[in-house]
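Residue numbers (the numbering used here), protein chains in the order written: chain A, 1 to 309; chain B, 1 to 287.
Below you'll find the structure, written out as structure tokens, and then a few comments.
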Amino acid sequence: MTPTLTTAPPPRAAAPGQPPRRARWRGPLVAWAFLAPALLLFLYFKFIPMFTGLTMSLQEIRYIDSTWVGLDNYATILTDDAFRSAIWHSLVLALGTTAGSIVFGLGLALLIEGPARYLWFVRTAAFLPVVVTMAAVAEVWRIMYHPGDTGTLNMILGWVGIAPQPFLADEDSSLLSIMVMNIWRGTPYDMMIFLAGLVGIDRTLYEAAAVDGASTWRRLRHITLPALRPVFWILFTLAAIRGLRVFVEVYVLTNGGPNGSSEVLMTLIYKLGFQTGELGIASAGGIVLFAATLVLTVLVQLMRRRQAA
Amino acid sequence: MMRFDSALGLESRRGPFATAGKILLYSGMVVVFTGPLLGLLISAFNKTLDPTSFTWWPDEFTFDNFVHAADRNVYLYLFNSFVVVGFGLLLQMIVSVFAAYSLARKKFRGMGVVMLIMLATMMMPEEIIAIPLSLVLADMPLLNVNLIGTYAGMILPVGAWGFSILVMTEFMKEVPVELEEAARIDGAGELRTFFTVILPLCRPALGVIGVFGFTMIWDQYLLPLIVAPESSMWTLPIALRSLRSDEEVGIGVLLAATLLALLPSIIAFLAFQRQFMRGLTSGAVKG
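Here it is in structure tokens:
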């Protein structure tokens, strides 16, 4: 487009040696000026709250005066039964959702891989749950999970001869029901990432394997899955960052009930902070959540490095 | 010889059984993933309202639910949502392109630290800092402003988003340096170069961060929950919980409101599908 301009000398070359003084500080200044809005917003809405949270977690917060209590709040969290079961529920929900979404996502990606036009339609349709706001998804599922035998899902179960299930209304099935909804919403997302990975696999490898008489299973095991390794690590990383902080779906579907059977870390922190007013303990909960997320992310990255090495 | 367009090689399988199997599989997928949304769509426009189940066949078409929704302030919540997403997205996109311009085109000391800061913020979602954030919003340090109960309280915190900045940075790195130098030789200043050379070339990327930013801001839940204690400031997603029953139309208002809450994201996704998929894979690569 502008071939002559590329050969033109850059303007600074006119003055040999040191660039003029003005230009030396102007470059970085412009750079920082363009970055300023982002950094300012991050400072106010990420880093100051993070720091405030850290200091609050070491205090017992009262309206008038607050007292430093050291690590008492953390001790409370790690020994309190409600917190322990909430941490456990968060872990179970994160692991179940991640595993379910990856397994189904991979399966569906393999089944609908291909360039055909109607496959594009199927993919688009399947992807809709991912873009829809979680609060709306959760309301839809709350209605479908109605425990009576006229409930939508119970009617479908009835067709195949399964007795009505209590779903969210029972202590034994509430967490599992939330997990099923999360897998429903997570599967198409993982499927899309897998599909993007599948596109990059060299087709001639498949053909060579077929010529050598390799079965479909061996082809998957020795060509497809190894090629998808980076995709798995991406999904594990995302799961580590997102997994433990689930809030909306639990808050909308059960609000932790019945009887605390689906209480996760975030719903408990929310209740302590905004309803009971235990700000110190709630802040410590937030820090614990952050630390757990950080540890998980670092672990996943370390494992990824080791795999790659 | 067999040809492979996919790992399983399903497309080369023909015959009645293979075809029937494929049709069953694909329609099954569509039903499982869109069925619940379709159920909502049909039920929201239907009169007979069994609170325990969706209606799968529209036997009594009506707009009643949407009319009653007005009495329950649903349109006010929708308006609030649009104000927040409109100004929030505008701010977020401006902040992102500015920051990305610096990160992609400038060399300066401290750049590594800035990149680290961007990545660090992605580990601090609203959930983790919810409690202290509510206190910071109530009394902004140095400014002594209370943002609780204001639109600004819901807009400013989503103004800077690490994902959006990083995606934009990657795109800007690919704009040829020669174009920028050409503009500079022609005497264009920093801002003019940015607006007339760099930004127009990044239009596809603007689509990516636009559609992602839209869904991200529309999906905000905890932030408006913290910022809007009064129902007059509620956004639609957080208002849904309060609409679960209505004396006259049962769950009808909830269905109408839920439909209104999920339609904008679906429309944005369908309109910007290509950009969405592009962002999905480019963002995912970086985690």
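We put the CB at the ideal spot given by N, CA and C, even for glycine.
Quick caveat, the model's predicted, so the values are computed rather than measured.
query = Distance, Cα to Cα, A:M1 vs B:F171?
reply = Per-residue confidence for A:M1 stands at a pLDDT of 35, beneath the threshold of 50, marking its modelled position as unreliable; the derived number appears in the next sentence. Straight-line Cα distance between these residues: approximately 20 Å.
* Using a Cβ cut-off of 8 Å, which residues of the stretch 10-37 of chain B contact any Cβ in chain A, in chain order? -> L10, E11, L25, Y26, M29, V30, V32, F33, T34, P36, L37
Let me make sure I understand the geometry here. Which of B:A69, B:G110, B:R14, B:E174 has the alpha-carbon closest to that of B:F45? B:A69
Worksheet entry | Cutoff 9 Å: A:F127 Cβ touching any chain B Cβ | yes
Report task. Using the Cα positions of A:N73 and B:A183, report the straight-line distance between them to the nearest angstrom. Result -> 59 Å
Does the beta carbon of A:T124 come closer than 9 Å to any beta carbon on chain B?
-> yes
Point to revise | Three-way DSSP call (helix, strand, coil) for A:W233 in this model | key: helix
* To do: Starting from the beta carbon of A:H146, find every residue of chain E whose beta carbon is closer than 7 Å, and list them in chain order.
  => Absent here is chain E; the protein component of the structure consists of chains A and B.
*Beta-carbon of A:Y270 versus every beta-carbon of chain B: anything under 9 Å?*
yes
Of all the CB atoms in chain A, is at least one closer than 9 Å to the CB of B:T150?
no
Original post:
Hey, B:E190 and A:V30: beta-carbon distance below 9 Å or not?
Top reply: yes
Taking 9 Å as the threshold (C-beta atoms), are A:V288 and A:I61 in contact? no
Residues that DSSP places opposite B:F61 in a beta bridge: B:N46
query = Using a beta-carbon distance below 9 Å, is B:V227 in contact with chain A?
reply = no
- Query: Does the beta-carbon of B:T258 have 16 or more other beta-carbons within 10 angstroms, so that it is buried, or is it exposed?
  - Reply: buried
Exercise. Would you tell me roughly how many angstroms separate the C-alpha atoms of A:R12 and B:S102, rounded to the nearest one?
Key: Note on A:R12: pLDDT 45, under 50, position unreliable in the model; the coordinate value appears next. The alpha-carbon atoms of A:R12 and B:S102 are separated by roughly 20 Å.
Practice problem: Compare the beta carbon distance of B:T215 and B:A138 with 9 Å and say whether it is the shorter of the two. | Solution: no
| request: List the residues of chain B that A:V160 touches, going by C-beta distances under 7 Å, in chain order. | output: Residues of chain B passing the Cβ test: none, with the nearest at roughly 14 Å.
List, in chain order, every chain B residue whose beta-carbon is nearer than 9 Å to that of A:P258. Neighbours of A:P258 on chain B: none; closest Cβ ~17 Å, over 9 Å.
- Identify each residue in the stretch 270-281 of chain B for which the Cβ-Cβ distance to at least one residue of chain A is less than 8 Å, and report them in chain order. L270, Q273, F276, M277, L280, T281
| said: Pairs of beta-carbons, one from the stretch 232-252 of chain A and one from the stretch 123-139 of chain B, closer than 8 Å: are there three or more? | reply: yes
- Message: Quick check on the burial criterion: 16 or more other C-beta atoms within 10 angstroms. Buried or exposed for B:W234?
- Response: buried
Practice item. Alpha carbon to alpha carbon, how far is A:A282 from A:L54? Give it in angstroms, no decimals. Key: 11 Å
Just tell me which of B:L135, B:F195, B:I209 has its CA closest to the CA of B:R274. B:I209
Checklist line | Terminal residues of the alpha helix (DSSP H) in which A:K46 lies | finding: Looking at the DSSP string, A:K46 is not in any alpha helix (DSSP H), and its letter there is neither H nor E.
- Over the uninterrupted alpha helix (DSSP H) stretch that includes A:W159, give me the two end residues. 152-159
Who are A:W217's beta bridge partners in DSSP?
None; A:W217 has no bridge partner.
Does chain B have any CB closer than 9 Å to the CB of A:M155? yes
What is the rounded straight-line gap between the Cα of B:V285 and the Cα of A:F236? Confidence is the limiting factor: at B:V285 the pLDDT is only 43, short of 50, which leaves the residue's position unreliable, though a coordinate-based value still follows. Near 12 Å, if we compare the C-alpha coordinates of A:F236 and B:V285.
Strictly under 9 Å for the Cβ-Cβ distance: is A:T312 near chain B by that measure? The question about residue 312 of chain A has no answer here: the residues shown for chain A are numbered 1 through 309.
Fill in: Beta-carbon neighbours of B:V136, restricted to chain A and to distances below 8 Å
Y44, F45, I48, P49, T52
TODO: Within 10 angstroms of the Cβ of B:P237, are there 16 or more other Cβ atoms? Answer buried if so, exposed if not.
DONE: buried
*Can you find a C-beta in chain A that's less than 9 Å from the C-beta of B:P237?*
yes
CA-to-CA distance, B:F87 to A:D170, given in whole angstroms | 42 Å
| task | Pull up the DSSP beta-bridge partners for A:W68, would you. | result | A:Q59
Fill in: Within 9 Å, strictly: CB atoms of A:P115 and B:D5
yes
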